Amino acid sequence: MSTVSSVQQVIRRHEPLAEPNLGRVAQVDHSLAPAVLVLGAFAALWLLASSLLGLVASLQLHLPGLVTAEALTYGRARDLQSVLLNYGWSANAALAVGLWVAHRLGRVESRHAWVAVLGALGWNLALAWGCLSLLGGGTTGLPSLELPRETGPFMVACFLAVGLWAAVAFGRRHTPHVFAAQWHVLAAVLSFPVLHLLAHAAIHAYPSDGVLQAIVAAWHAHGFLGLFLAPVALAAIYYLIPKETGRPIRGYYLATVAFWLFVTLHAWAGAAHLIGSPVPAWIQSSGVVAAIMLLVPAIIAAINFQGTLLQAPRGTRSPSLRFAAAAAHGFLLWILALALMSTRSGSARFRFTELEQAQGILALHGFVALALFAGLYYLLPRVTRREWPSKGLVAAHYWLCLLGTAGAVLALGALGWFRAAAPSDLAETARALNAAASVSLAILLLGHLAFVANLAALLALPTRARGAAPLSDR
Amino acid sequence: MNKLSLISAGLFLSLGLSFAGLALTSQAQQSGLAPAQAEEGGPLLPALAPGLAVLGKDVYLAQGCVHCHTQQVRPASQGNDIAKGYGKRPSVARDYVLQDRVLLGASRLGPDLADVGTRRTSDEWLHLHLFDPRIGDAASSKPAFRHLYELRPAAAAKSALSLPAGHAAAAPAGQAWVPTERAIQLVAYLRSLRIDYSTPEAKLPE
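As they're listed, the protein sequences go chains A and B. Take the first sequence: its letter number 42 is residue 42 in this note's numbering, and every next letter is one higher. In this note's numbering, each residue's number is its place in the second sequence (first place is 1) plus 474.
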């Protein structure tokens, strides 16, 4: 596989760089190269696959005869698309960004990088195997837990082999200060293993009867987003906004409060996806309360992020900052949408409609992915000591991401709205709006192609000459 | 906020509490649930699904039907499911106690199927719908599940589909479309999805 060999080349080319004169920061970056590049390459690969499958699924809704292959009919394509988006792109990219942020802020070099590399390889092999089984129809049918049961403990072990190094970096940090980005990464790498193991145990090992499965699945699905992906995305934003604007985060003292509210509330907010379902009423109520209270940490984050951005000097913004700023807006919109959909009346009208899909796209593409791209655009040049080959491709990626995400969210959101308002005679509207969603997803795919092309070119470039000016940062 | 142990402890506590609160308490609350008699001397319900239907559930899963169909009827106060005719009474936890995989579903591009067995009582209709959803509704956006059907010599075909005249996929002369084993199981499963009984906590309206 060419990605793997070019990753190996990069790793090899880095050997001579391990010299004392590079300075601590450069050594930290350099020590992370193997793990970050393996994770990044897999993330990019799965991102393309997932975007393509999402498009294949969406097209079938307005061109129903298009796909006849059983493996790619709507339901299976959706299973694969969501697994690859969650466990493929998002998880790999989040681990790459999280590892880097934790080591960089702690000024800790990564030792035993091979453990993390092995973990990453294991994770992605298990994922690929699981996807083959999904192609054959082997899903569990539970959202976010679609992968076969055998992958559960193995993927957790692989995750630990990668993610625990972020906790190690936190424990061994050389800095007196601890930053918000560090707690967030810590929360992410500690939460996923607990979530995933407990959910697998409750569903497969000690199978729980009846609707309890749905409760556990909702807890896991929401936790995966709220306690694993979102904290890493927030960490990237907390890291990049002050770094790239040169301004301290506004209202920083509030960030601690926001953090603890965020992690406790997300642990309960999953139940908000069960309003009206045959589960105990108090569970539904706790979900409603948690989801609405999430507005509090979201408002704090807005003070932290948007407040800082407003104070920042105008002028050209680095690509990372643009992505991070867009992600900060996406975050706020997502929590607002979540809170609205989690009220009793919002749920009664809009639950099960396309508005829920729109909300998911907002979260995963309009917030998490943008923040992870911000992180990757920032860290990959530092880790590889090369510049992004094409600035134009970065800009194209940014605009196509915004356009595609906004288009898909608006089209599906409108369709959900109409479905709730007047469910009959929707065929024409549905076809038009589904077509609009497909066009948007195609735009998104095009944007991601720009990213992957740039990444491939970056990996193929020669390393910057050793005497060249170091990348500007401390 | 600078102690690894404190942050980890806080996190594990928060996750553990939510898991205990959501999953373990409802397990404790519901582990006693079992099929019950709605009134003295009545049958124990829900009843076990027939074997063919149990197999059909695997087909339902493998075909990804769950991405477009839910299996839960919400109470009238929390949605208009009953008004839409998805069921005569809301689903309750007891309805699911005998299912080893609960497919509540999260998305409704099509109607809820918790009670579809009482609405659609004809195997023939269900087979035609799966073979080509546009037979029943020309504007349907649902994919065809034609791979669940196969061509057989017409003479030997017992349960051939009777497609409307002039259908684009009409079988060539001398041959006929018949359901595969999987289609037969799937339709048996759909027929078994019924909320046509009362439970102690949810009575069917008279």
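A virtual CB, placed ideally from N, CA and C, is assigned to each residue, including glycine. Since the model is a prediction, treat every value here as computed from it, not as a measurement.
Residue i to residue j span [Cα, whole Å]
i	j	result
residue 546(B)	residue 670(B)	14 Å
residue 500(B)	residue 280(A)	7 Å
residue 378(A)	residue 318(A)	9 Å
residue 241(A)	residue 309(A)	7 Å
residue 164(A)	residue 128(A)	23 Å
residue 168(A)	residue 221(A)	27 Å
residue 479(B)	residue 172(A)	13 Å
residue 70(A)	residue 585(B)	22 Å
residue 138(A)	residue 83(A)	13 Å
residue 656(B)	residue 442(A)	34 Å
residue 291(A)	residue 184(A)	19 Å
residue 665(B)	residue 446(A)	44 Å
residue 227(A)	residue 154(A)	20 Å
residue 517(B)	residue 405(A)	53 Å
residue 337(A)	residue 363(A)	10 Å
residue 297(A)	residue 209(A)	35 Å
residue 21(A)	residue 27(A)	Residue placement at residue 21(A) is poorly supported in this model, since its pLDDT is 46, which falls under 50; the coordinates still yield a value, given next. Rounded to the nearest angstrom, the two C-alpha atoms are 9 Å apart.
residue 640(B)	residue 549(B)	43 Å
residue 149(A)	residue 194(A)	16 Å
residue 484(B)	residue 536(B)	40 Å
residue 568(B)	residue 254(A)	45 Å
Cutoff 8 Å: residue i Cβ touching any chain A Cβ
i	result
residue 693(B)	Outside the modelled stretch of chain B, which goes from 475 to 680, sits residue 693(B), for which no answer is possible.
residue 685(B)	Residue 685(B) is absent from the structure shown; chain B starts at 475 and stops at 680.
residue 501(B)	yes
residue 581(B)	yes
residue 492(B)	yes
residue 668(B)	no
residue 664(B)	no
residue 679(B)	no
residue 635(B)	no
residue 484(B)	yes
residue 593(B)	no
Unbroken beta strand (DSSP E) run spanning residue i, endpoints
i	result
residue 627(B)	623-627
residue 652(B)	649-653
CB contact check: residue i to chain B, cutoff 8 Å
i	result
residue 143(A)	yes
residue 260(A)	yes
residue 334(A)	no
residue 264(A)	yes
residue 466(A)	At residue 466(A) the pLDDT is 45, less than 50, meaning the model places this residue with poor confidence; the figure from the coordinates comes in the next sentence. So no, residue 466(A) is outside the interface.
residue 162(A)	no
residue 219(A)	yes
residue 118(A)	no
residue 273(A)	yes
residue 278(A)	yes
residue 499(A)	Outside the displayed range of chain A (1 to 474) lies residue 499(A), so it cannot be described from this structure.
Run of the alpha helix (DSSP H) containing residue i, from where it starts to where it stops
i	result
residue 383(A)	370-384
residue 216(A)	212-223
residue 89(A)	Residue 89(A) -> no alpha helix (DSSP H), and no H or E assigned at all.
residue 263(A)	254-269
residue 541(B)	That residue, residue 541(B), is in no alpha helix (DSSP H); it is neither H nor E in DSSP.
residue 23(A)	That residue, residue 23(A), is in no alpha helix (DSSP H); it is neither H nor E in DSSP.
residue 231(A)	230-245
residue 153(A)	151-171
residue 296(A)	295-311
residue 188(A)	180-200
residue 620(B)	Run containing residue 620(B): none; DSSP gives neither H nor E here.
Partners in chain B for residue i, counting only beta-carbon separations shorter than 9 Å
i	result
residue 210(A)	504, 507, 567, 568, 569, 570, 571, 572, 573, 576
residue 62(A)	615
residue 344(A)	551, 552
residue 137(A)	532, 533, 535, 536, 537, 538
residue 106(A)	Correct list: empty, because the minimum Cβ distance to chain B is about 11 Å.
Within chain B, the residues that residue i reaches when beta carbons sit closer than 7 Å
i	result
residue 78(A)	538, 541
residue 475(A)	The displayed coordinates of chain A run from 1 to 474. Any statement about residue 475(A) would go beyond what the structure contains.
Any non-hydrogen atom of the ligand ADP within 7 Å of residue i CB
i	result
residue 566(B)	By its list of ligands, the structure shown contains no ligand whatsoever, and the ligand ADP lies outside what it can speak to.
Amino acids of chain B, ordered along the chain, whose beta-carbon sits closer than 8 Å to that of residue i
i	result
residue 213(A)	575, 576
residue 268(A)	492, 495, 496
Cross-chain neighbours of residue i in chain A, by beta carbon under 7 Å
i	result
residue 673(B)	Within chain A, no residue comes near residue 673(B); the closest Cβ sits about 11 Å away, beyond 7 Å.
Under 8 Å from the C-beta of residue i: neighbouring residues of chain A
i	result
residue 544(B)	352
Neighbour list for residue i in chain A, Cβ cutoff strictly below 9 Å
i	result
residue 621(B)	68, 69, 70, 73
Chain E within 8 Å of residue i, Cβ atoms only
i	result
residue 522(B)	Absent here is chain E; the protein component of the structure consists of chains A and B.
- Query: Quick check: the segment 364-378 of chain A against the segment 269-286 of chain A, are there 3 or more CB pairs under 8 Å?
  - Reply: Flag = no, the segment 364-378 of chain A and the segment 269-286 of chain A do not touch.
- Determine, using beta-carbon pairs with one atom in the segment 105-114 of chain A and one in the segment 55-65 of chain A, whether at least three such pairs fall under 8 Å. Inter-segment contact for the segment 105-114 of chain A and the segment 55-65 of chain A is absent: fewer than three beta-carbon pairs are separated by less than 8 Å.
- Would you check if the segment 393-406 of chain A and the segment 344-352 of chain A touch, i.e. whether three or more CB-CB distances between them fall below 8 Å? Touching, no.
- Query: How do the segment 174-186 of chain A and the segment 95-108 of chain A stand: do at least 3 beta-carbon pairs fall below 8 Å, yes or no?
  - Reply: Taking one beta carbon from each stretch, the segment 174-186 of chain A and the segment 95-108 of chain A have 3 or more pairs nearer than 8 Å; the two touch.
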